[in-house]
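UniProt numbering applies: residue 1 is where the sequence shown begins, and numbers increase by one.
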Amino acid sequence: MKKLMVMLLALLPSLAMAAGGGNVHLDAANNDLSDKESLQRGARTFMNYCFGCHATQYQRYQRVAEDLDIPTDLMMDNLVFDENAKIGDLMTNAISEDYAAASFGAPAPDLTLVARVRGTDWLYTYLRSFYADPSRPFGVNNVVFPSVGMPHVLEELQGTPRQVFETRTIDGEEVQEFVGLESDGNGELSPGEYDAVVRDLVNFLEYSAEPMKLERQRLGLWVMGFIVIFFVLALLLKKEYWRDVH
């Protein structure tokens, strides 16, 4: 019974992150884990805009630098903001769970495995679905995750998105129907440039969730090839062994 309780408690963060969403259309992220430049840009965006609250505590700075072809000195000078951190340290941040809970209503979840929990399409759509909502504590809400508890940290890049409605007549009655989001144009990036930044960020988060994914897939092809060759040899051996019997 005690083991069962421990397993359930371990699942709670994933279950909490899986809450919310509803039947919202998800846009395809179309990530490419082989694109090192995209992963480097994604790492830069993550460290500058997300790492203040969200850690990736199951990663190490050194592993990220090696996998993404980032020189160690460049990594330490530009992507590691803790002056006491070493290149071999885990990627944890300074914010405590108590402070995060007091600030945001709940501790900011670790994002190492978020791409596996949520999916890349969900993340890509979510980060492009914030909109202004004065009723919320941080002045924003999210179409994909209603009543979201975090600010729109990429707002300076995107601008302030607002809901767009169209008036339609249904059964002789005029109703306001939500048709999408539109930025106020005050962001540093155009809509296309912002989408590219989000795609790079999601690409990095997908890498974080499984750094060995490409290697696993490559080895999988070799394993399948070996199985096919072994099967052919075994079949020929069987025929040779039973030839005189039949």
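In this text, a Cβ means the ideal position worked out from N, Cα and C, and glycines have one as well.
Collapsing the DSSP output to three states places A94 in coil.
Within the same chain, and ignoring the five residues on either side of A65 in sequence, the residues whose Cβ sits closer than 6 Å to its Cβ are T72 and M75.
Nearest neighbour of T167 by Cα position, chosen from W222, P161 and F178, turns out to be F178. DSSP, read as helix, strand or coil, puts G172 in coil.
Straight across, the Cα-Cα distance linking D200 with D110 is about 19 Å. For N48, no alpha helix (DSSP H) run applies, since DSSP gives it neither H nor E.
Annotation: the continuous beta strand (DSSP E) that includes F130 extends over F130 to A132.
D184 is classed as exposed because its beta carbon has fewer than 16 other beta carbons within 10 Å across all chains shown.
When Y131, G192, N203 and V80 are compared, the shortest CA-CA separation from Q163 is found for Y131. Assigned with DSSP and collapsed to three states, S183 falls in strand. Residue state for P107 is assigned as coil, using DSSP reduced to three classes.
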